[in-house]
Each structure stands twice: as C-alpha cells, then as structure tokens.
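*Asks:*
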Amino acid sequence: LMATMLNGAAVMDAALLLIAGNESCPQPQTSEHLAAIEIMKLQHILILQNKIDLVKESQAKDQYEQIVKFVQGTVAEGAPVIPISAQLKYNIEVICEYVVKKIPIPVRDFISEPRLIVIRS
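Residue numbers for the sequence shown follow full-length UniProt numbering, so the first one is 1 and each next one is one higher.
1) Could you please give the first and the last residue of the uninterrupted alpha helix (DSSP H) stretch that includes residue 34?
2) Pick out whichever of 104, 39, 15 and 47 has its Cα sitting closest to the Cα of residue 25.
3) Report the residue from 116, 109, 102 and 115 whose alpha carbon sits nearest the alpha carbon of residue 15.
4) Taking Cβ positions, are residue 90 and residue 62 nearer each other than 8 angstroms?
5) Relative to the C-alpha of residue 37, which candidate in 49, 13 and 87 has its C-alpha closest?
6) What are the boundary residues of the alpha helix (DSSP H) that includes residue 100?
7) Shortest alpha-carbon distance to residue 43 belongs to which of 78, 94 and 30?
8) Would you identify the three-state DSSP class for residue 58, choosing helix, strand or coil?
9) Do you know offhand how far residue 92's Cα is from residue 23's?
10) Mark residue 123 as exposed unless 16 or more other C-beta atoms lie within 10 angstroms of its C-beta, in which case mark it buried.
11) Thinking C-beta only, is residue 98 closer than 8 angstroms to residue 81?
12) Under 8 angstroms Cβ to Cβ from residue 20, same chain only, skipping five residues before and after it: list those, please.
13) Classify residue 63 as helix, strand or coil using the three-state DSSP reduction.
Dropping the structure here:
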C-alpha cells in the first residue's frame, strides 16, 4: 500500500494532510502520510483538522497543539492548520483560496514525449 501511495505522490505538487479532529494525533496512517510527504520532499503542505463539528472548542485546541508538536522538525513544520468540517463544508472555501493563491503552478514540459506512470498494487 505504501508503494502505491508513493507512486501516486510522485506526480503531486502539494499535499493536504487530513487529520480527524475527533481522534488523537498522530494516528498510524497520519504518520505514514507525513512520511510520504517527507520522502517526496513536497514543500507546499496544508494541514486540515477535519470533523471539528464533532468536538468541543477546547478539544479542537488541544488537538491543534498535538498537530503542531507532531509536525515539528518535519517538512510540514509551519504549515497552516485549517479547522474544517468536510461534512458541513465549513472552511472549504479557505482551502480553495489557499490552493489557488499560495501554491504556485510548476513549469510543465509540453514538448517532450509524454510519460505514463503505471501504479499497481
């Protein structure tokens, strides 16, 4: 599964690290995803603290501190942490605005022969 994820990540320009706000941080898959971001050396990272509609404000703040501590010393250190509710669409427009305004579009090579990346699991 990790190999499949890394193959897919090879063509990514940025990462959205989604963390469930109603669970402690880090969960095993969150650690794996952060490791993948580090391996791929992605520089544009946005951390999404999801499901904040299911927790009290104090719990969300506590988990925010867990997130900041978790990413300390990694490529995600200093990345914005946006509290969201995907279900209720809370702060989704903030994510869209960040992606459009803060993540640069890389130069693409449209002249060379195309390459096909095959991902198999």
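Note that the Cβ used here is the ideal one computed from N, Cα and C, for glycine as well. Just so you know, these numbers come straight off a predicted model, no measurement behind them.
*Replies:* Short version:
1) Within the sequence shown, numbered from 1, the residue matching residue 34 stands at position 34. DSSP places residue 34 inside the alpha helix (DSSP H), whose first and last residues are 28-39.
2) Mapped onto the sequence shown, residue 25 falls at position 25. Minimum Cα distance to residue 25 is reached at 47.
3) Along the sequence shown, read from residue 1 onward, the residue named residue 15 stands at position 15. Nearest of 116, 109, 102 and 115 to residue 15, Cα basis: 102.
4) Start at 1 with the first residue of the sequence shown, and residue 90 comes out as number 90. Start at 1 with the first residue of the sequence shown, and residue 62 comes out as number 62. In this structure, residue 90 sits away from residue 62, with a CB-CB distance that is not shorter than 8 angstroms.
5) The count along the sequence shown starts at 1 and reaches residue 37 at position 37. Nearest option by C-alpha distance: 13.
6) Start at 1 with the first residue of the sequence shown, and residue 100 comes out as number 100. Counting along the chain, the alpha helix (DSSP H) containing residue 100 begins and ends at 92-102.
7) Here residue 43 corresponds to residue number 43 of the sequence shown, with the count starting at 1. Closest option to residue 43, judged by alpha-carbon separation, among 78, 94 and 30: 78.
8) On the sequence shown, position 58 is the one that residue 58 refers to. Three-state DSSP puts residue 58 in a helix.
9) Stepping through the sequence shown from its first residue, residue 92 is reached at position 92. Stepping through the sequence shown from its first residue, residue 23 is reached at position 23. A direct Cα-Cα distance of roughly 20 angstroms separates residue 92 from residue 23.
10) In the structure displayed, the chain extends from 1 to 121; residue 123 sits before or after that span and is not available.
11) For the purposes of this step, residue 81 is identified with residue 81 of the sequence shown, where counting begins at 1. For the purposes of this step, residue 98 is identified with residue 98 of the sequence shown, where counting begins at 1. No, they are not a contact pair.
12) Numbered from its first residue, the sequence shown carries residue 20 at position 20. Counting only Cβ-Cβ distances below 8 angstroms, and skipping sequence neighbours, we find 27, 50 and 51.
13) In the sequence shown, counting from the first residue as 1, residue 63 sits at position 63. Helix, per DSSP.
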